[in-house]
Amino acid sequence: MLRKIDYITANKDAAVKGPGPETQWIFIKPNHSIVYKKPIGIRRKAGTMEINVLKDSIPIRCDGFYLFFLEGTISLQGAKAPLILRVYRDPQDSFLSINCSDQKTEVQETIVHEFRSSDEVYLQYDGNENPKNETSRQDLTLSLFMLTPHTYCYPEK
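Printed below as a string of structure tokens:
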């Protein structure tokens with residue numbers, strides 16, 4: 255498993271290819287507009303995992319550890335108060351928070367996190383007192399790779 259993490263970490267600036275058809279992985283691209291206090295809309299770019307368009311989430315189908323990359327920029331033109339980008343599976347418990355107080359925040363986060371097959375991953379902005387901050391934009395890419403064996407997966411219902 256460490257060899258896989260080293261390979262992905264060392265090569266993440268290159269075009270990363272998915273680890274295989276039986277491994278759970280996804281590359282997503284959030285919508286460019288920042289929406290206040292609602293899950294961010296996301297688009298699937300590639301991978302074996304799907305997104306839940308109605309809930310703006312990534313459903314997890316396999317128990318285990320996942321390697322999570324989030325990188326890009328968040329621009330807060332016209333923002334009077336800082337924003338916090340939260341990544342969570344439960345609204346009361348974020349596993350990643352990024353403070354965006356400058357006009358342009360560079361994001362490059364890599365973490366390993368444990369998920370269960372019933373979890374869903376959400377991205378959401380909090381902390382801005384102006385809920386209609388339409389001038390703010392984001393250019394982020396999220397990558398999620400399952401690190402545990404495929405035998406930890408449950409069939410889709």
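Residue numbers (my numbering): 255 to 411. For glycine and all other residues, C-beta sits at the position ideal for the given N, C-alpha and C. Since the model is a prediction, treat every value here as computed from it, not as a measurement.
Report the CB separation of residue i from residue j in whole angstroms; it is logged as a contact under 8 Å.
i      : j      : result
Phe369 : Ile294 : With 8 Å as the limit, Phe369 and Ile294 do not qualify as a contact, their Cβ atoms being about 18 Å apart.
Ser390 : Leu330 : 5 Å
Here's the rule: buried if 16 or more other CB atoms are within 10 angstroms of the residue's CB, otherwise exposed. What is residue i?
i      : result
Val366 : exposed
Gln392 : buried
Ser351 : exposed
Ser397 : buried
Arg297 : exposed
Phe399 : buried
Pro275 : Note that Pro275 scores a pLDDT of 46, beneath 50, so its modelled location is shaky and nothing firm can be said.
Between which residues of its own chain and residue i is the CB-CB distance below 7 Å, once the five residues before and five after are set aside?
i      : result
Asn353 : Pro336, Ile338
Lys292 : Gln378
Pro345 : none
As a quick exercise: from the options, pick the residue whose alpha carbon is nearest that of residue i.
i      : options                        : result
Glu363 : Arg343, Tyr379, Thr395         : Thr395
Lys358 : Gly318, Ile328, Cys316, Ala300 : Ile328
Ala300 : Met400, Ile282, Cys407, Pro403 : Ile282
Ser348 : Glu360, Gly326, Phe319, Asp380 : Asp380
Val361 : Gly326, Cys407, Arg343, Ser355 : Gly326
To which residues of the same chain is residue i closer than 8 Å at the C-beta, ignoring the five residues directly before and after it?
i      : result
Asp356 : Leu330
Closer than 6 Å by C-beta to residue i: which residues in its own chain qualify, once you throw out the five before and the five after it? Chain order, please.
i      : result
Tyr342 : Ser348, Tyr376
Ile305 : Ile296, Arg298, Ile312
Cys407 : Arg315, Cys316
Would you call the region 372-381 and the region 305-318 touching, i.e. three or more CB-CB distances under 8 Å?
yes
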